[in-house]
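Inspection log for the structure reproduced underneath, given as C-alpha cells.
Protein chains: 2
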Amino acid sequence: MNLLLLEDADFVADDRAVLRGRRLRHLHEVHQAESGDSLRVGRLGGLMGSGTLLRLEADEAELRVRLDTPPPAKLPLTLLLALPRPKMLKRVLQTVAAMGVPRLILLNSYRVEKSFWQTPFLTPEAIREQLVLGLEQARDTVLPEVSIEKRFKPFVEDRLPAVAEDTLGLVGHPGNHPPCPRAVERPVTLAIGPEGGWIPYEVDKLREAGLQPVQLGERILRVETAVPALLARLF
Amino acid sequence: MNLLLLEDADFVADDRAVLRGRRLRHLHEVHQAESGDSLRVGRLGGLMGSGTLLRLEADEAELRVRLDTPPPAKLPLTLLLALPRPKMLKRVLQTVAAMGVPRLILLNSYRVEKSFWQTPFLTPEAIREQLVLGLEQARDTVLPEVSIEKRFKPFVEDRLPAVAEDTLGLVGHPGNHPPCPRAVERPVTLAIGPEGGWIPYEVDKLREAGLQPVQLGERILRVETAVPALLARLF
Chain F
0 MNLLLLEDAD FVADDRAVLR GRRLRHLHEV HQAESGDSLR VGRLGGLMGS
50 GTLLRLEADE AELRVRLDTP PPAKLPLTLL LALPRPKMLK RVLQTVAAMG
100 VPRLILLNSY RVEKSFWQTP FLTPEAIREQ LVLGLEQARD TVLPEVSIEK
150 RFKPFVEDRL PAVAEDTLGL VGHPGNHPPC PRAVERPVTL AIGPEGGWIP
200 YEVDKLREAG LQPVQLGERI LRVETAVPAL LARLF
Chain P
0 MNLLLLEDAD FVADDRAVLR GRRLRHLHEV HQAESGDSLR VGRLGGLMGS
50 GTLLRLEADE AELRVRLDTP PPAKLPLTLL LALPRPKMLK RVLQTVAAMG
100 VPRLILLNSY RVEKSFWQTP FLTPEAIREQ LVLGLEQARD TVLPEVSIEK
150 RFKPFVEDRL PAVAEDTLGL VGHPGNHPPC PRAVERPVTL AIGPEGGWIP
200 YEVDKLREAG LQPVQLGERI LRVETAVPAL LARLF
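Each protein sequence line maps, in turn, to chains F and P. Numbered by numbering that gives the first Met the number 0, the letters in the first sequence go through residues 0 to 234 in order. Numbered by numbering that gives the first Met the number 0, the letters in the second sequence go through residues 0 to 234 in order.
Right, dumping it as C-alpha cells:
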C-alpha cells in the first residue's frame, strides 16, 4: 500500500477522515504507524496528497488530509482480455489498475473455460477490491471501468468497431505477425487472448473489427506477464 | 505446460522417454491426452521437437520423441533482483525463465525482510521447480543460472563491476531519473529493487559499480509487474 486510498464514506469533514478495517490493520501491522505520522493519501476518484495521523487506536484512526496533487495520467488504451482463470483474474485486475489502464473489457473466447464465469471474483465488489489494491500499489485514485462481455460474437461484431474507431487496433497473438509496435503516440485498442490463444475464427473476427495481430516473439507468456510486457512496449 | 520438458533421466533410449509424476498427471488431467497423440516436447538443456504417445497409462507414459529445433534465444541480460517475498519469488522465477533471462542474481537489500532468506523456496530444488514451470510455459529448454548473494556490499563492490563491464548497466528506480531506454542493441545488466525501493546508499553503490538509475514513470509497480515491463521495453 504505497497510497492510503480514502473513500467518500471515510470523510467526516472536508479535511478529516476516519479509518477502520483492512486499511487500519495495514497501518498497524505493515506500516507500524504511530500517531503524528504523515502518510501519502488519495481520495478515490480525486486528488492525492498527505495525511497526518491525529489518532491511531486499535479499531479506528483519524487523519487530517491535504489533497493537492492530481493522480497520474491514464494510458490511452482500451484493453480487451479473454477472461483469465480466477486466480489470475485477481492479479491481472491489480496490474491493470496499477499500470493505468482506464478501460478493461473482460471477454469470452472459445478457450475460456465455462467455469471461469462462475467465479465470485467477477462480482462488482470483488473486482473493485482488486482494482483498489492496484491503485494503492501504483499511487493512483481513479478506478478503471471494467465491463463484462459474455458473448464474443455480438460484442465483436456490433460494438467493438465503434470502440476501436480512430485507435490503433491490435490483437496480441503468437505467430507469424508483425512485432508489437513500440512507443506509439496514439490511442490503442488491444486484445489479449486466453491461455492457448484465440482460435483462428476469433482472430478473423477481431481483424474485421479493426484489430491487427501482432506478436511479442516466440515465447508464450502467461496473461499476467503478457499484459505488462505489451503495455510497457506500447507506451 | 506448452512444452513437455524431458530430463535426461526420463530417456530410456535416444528417442524414447518414460514419464511419471507431475507431468504425467498434467497430460491426463489438463491435456486429456490419449495414446497416439502428438505433443510438443523438449529436452532440458537441449533441442525441442515433437513426441508421440506410444502408451499412456495411469502411472506411466512412454513417448517416441524427435528433437530437431533449437530453443529460442535468451536475452543479453544479467538481472539483479532484490530478494522478493516468498510468494512473489515463485512467480518471478517463472517469469524470469519464461522471458528468457539467462542469469539471475538474487541480492540482499536494506528493505529485504530478513525472514525472506529463510524461505524453503530458496533451496536449489525449489528454485529449479519454478524455473522449469517457466520454461514449460514459454517453450524453452535452457535453465537460467540463479545465484544468491546475501551480502549487498561485498557483492556490489567486489564482483558487480566485472559483471557489468561492457554492458549497459541500469538500476530500475522511481524518481527523477532518465526514462528506461527502449530497444537497446547491447547486453544489459539491470538491477530491480525490493518493495519500497533501494535506499540511497544502495543506489550510490550500484552507480559506482556502473549501473545508472532509470525510471518507468511515476507509478510504483510490484516486482512481478516491473520485471516484464522493464524487459519488454529494453529488448
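A virtual CB, placed ideally from N, CA and C, is assigned to each residue, including glycine. Values in this document were obtained by computation on a predicted structure and should not be read as measured data.
Option in the options with minimal Cα separation from residue i
i: ILE198/P; options: THR118/P, GLU128/P, VAL29/P and TYR109/P; result: TYR109/P
i: ASP13/P; options: ARG19/P, ARG24/P, ASP67/P and SER34/P; result: ASP67/P
i: ASP58/P; options: ARG21/P, ALA81/P and VAL91/P; result: ARG21/P
i: ALA228/P; options: ARG63/F, GLY192/F and ALA182/F; result: ALA182/F
i: LEU43/F; options: PRO70/F, LEU121/F, HIS172/F and PRO123/F; result: PRO70/F
i: ASP203/F; options: SER49/F, VAL170/F and GLN31/F; result: VAL170/F
i: PRO173/P; options: GLN31/P, GLU194/P and ARG158/P; result: GLU194/P
i: LEU144/P; options: LEU79/P, PRO180/P, TYR200/P and LEU205/P; result: In the sequence under discussion, the amino acid at residue 144/P is Glu, which differs from the Leu named in the question. GLU144/P has its Cα closest to that of LEU79/P, out of LEU79/P, PRO180/P, TYR200/P and LEU205/P.
i: LEU18/P; options: GLY35/P, LEU62/P and GLU28/P; result: LEU62/P
i: LYS152/P; options: TYR200/P, GLN31/P and PRO180/P; result: TYR200/P
i: ASP9/P; options: THR77/P, ALA81/P and VAL64/P; result: VAL64/P
i: MET47/F; options: LEU233/F, GLU6/F, LEU26/F and ARG90/F; result: GLU6/F
i: GLN129/F; options: VAL141/F, GLU156/F, ASP157/F and ARG90/F; result: ARG90/F
i: PRO180/P; options: VAL155/P, GLY196/P, PRO212/P and PHE154/P; result: PRO212/P
i: ALA16/P; options: VAL40/P, VAL141/P and VAL29/P; result: VAL40/P
i: ASN175/P; options: GLN214/P, ALA137/P and GLY168/P; result: GLN214/P
i: VAL155/P; options: ALA81/P, VAL141/P and MET98/P; result: ALA81/P
i: MET87/P; options: LEU233/P, HIS30/P and GLU223/P; result: GLU223/P
i: GLY168/P; options: ARG127/P, LEU233/P, LEU134/P and ALA225/P; result: LEU233/P
i: LEU134/P; options: VAL226/P, GLY45/P and ALA225/P; result: GLY45/P
Host alpha helix (DSSP H) of residue i (start-end)
i: VAL100/F; result: Segment: none, VAL100/F is in no alpha helix (DSSP H) and carries neither H nor E.
i: PRO239/F; result: Shown here, chain F extends from 0 to 234; a query on residue 239/F therefore has no answer.
i: VAL222/F; result: 222 to 233
i: ARG185/F; result: ARG185/F -> no alpha helix (DSSP H), and no H or E assigned at all.
i: GLU148/P; result: It is not in any alpha helix (DSSP H) - GLU148/P instead sits in the beta strand (DSSP E) that spans 144 to 148.
i: VAL202/P; result: 199 to 207
i: LEU26/F; result: 20 to 28
Spatial distance of residue i from residue j (CA atoms)
i: PRO160/F; j: ALA231/P; result: 28 Å
i: LEU210/F; j: ARG185/F; result: 14 Å
i: GLU148/P; j: THR166/P; result: 20 Å
i: GLY216/P; j: LEU74/F; result: 12 Å
i: PHE115/P; j: LEU106/P; result: 11 Å
i: SER146/P; j: LEU55/F; result: 43 Å
i: ASP150/P; j: GLU112/F; result: It should be pointed out that residue 150/P corresponds to Arg in this sequence rather than to Asp. The straight-line gap from Cα to Cα measures roughly 46 Å.
i: GLU207/P; j: THR188/P; result: 14 Å
i: LEU38/P; j: ASP139/F; result: 45 Å
i: PRO178/P; j: ILE191/P; result: 14 Å
i: GLU33/P; j: LEU52/P; result: 7 Å
i: VAL162/P; j: GLN117/F; result: 50 Å
i: ALA125/P; j: LEU23/P; result: 20 Å
i: LEU2/P; j: PHE120/F; result: 30 Å
i: VAL100/F; j: VAL11/P; result: 51 Å
i: THR94/P; j: LEU4/F; result: 30 Å
i: GLU164/F; j: PRO83/F; result: 26 Å
i: VAL25/F; j: LEU132/P; result: A small fix is needed here, since residue 25/F is His in this sequence, not Val. Their Cα atoms are separated by approximately 33 Å.
i: HIS27/P; j: LEU220/F; result: 23 Å
i: PRO123/P; j: ARG158/F; result: 51 Å
i: ALA60/F; j: ALA72/P; result: 53 Å
i: MET0/F; j: SER49/P; result: 46 Å
i: ARG102/P; j: ALA137/P; result: 17 Å
i: LEU205/F; j: LEU205/P; result: 46 Å
i: ARG218/F; j: LEU142/F; result: 32 Å
i: GLY196/P; j: THR77/P; result: 19 Å
i: VAL29/P; j: GLN31/F; result: 44 Å
i: ALA96/F; j: GLY35/P; result: 45 Å
i: LEU226/F; j: LEU92/F; result: Before going on, a small fix: residue 226/F reads as Val here, not Leu. Each residue's Cα considered, the two are about 10 Å apart.
i: ILE104/F; j: ARG127/P; result: 36 Å
Endpoints, the beta strand (DSSP E) within which residue i is located
i: SER212/P; result: The sequence shown places Pro at residue 212/P, rather than the Ser named in the question. Segment 211 to 213, the beta strand (DSSP E) holding PRO212/P.
i: LEU66/F; result: 60 to 68
i: LEU4/F; result: 3 to 5
i: GLY50/F; result: 47 to 55
i: GLY41/F; result: 37 to 42
i: ALA12/F; result: 10 to 12
i: GLU81/P; result: Note on residue identity: the sequence assigns Ala, not Glu, to residue 81/P. From DSSP, the beta strand (DSSP E) with ALA81/P extends over 76 to 81.
Please specify which runs of the beta strand (DSSP E), each continuous and at least 3 residues long, are wholly inside the region 156 to 180 of chain P, giving them in chain order. 167 to 171
Got a sec: which bits of the region 80 to 105 of chain F sit with their beta carbon under 9 Å from any beta carbon on chain P, in order along the chain? ARG90, GLN93, THR94, ALA97, MET98 and GLY99
Quick one, which residues of the region 50 to 72 of chain P are near chain F if we go by CB-CB under 7 Å, in chain order? PRO71
Going along the chain, which residues of the region 198 to 214 of chain P sit with their C-beta nearer than 9 Å to a C-beta in chain F? none
Under 8 Å (Cβ pairs) to chain P, residues found in the region 174 to 194 of chain F: ARG181 and ALA182
Give the residues from the region 117 to 137 of chain F that approach chain P closer than 7 Å (Cβ to any Cβ), ordered along the chain. GLN136 and ALA137
What are the residues in the region 138 to 171 of chain F lying within 9 Å of chain P by C-beta distance? ARG138 and ASP139
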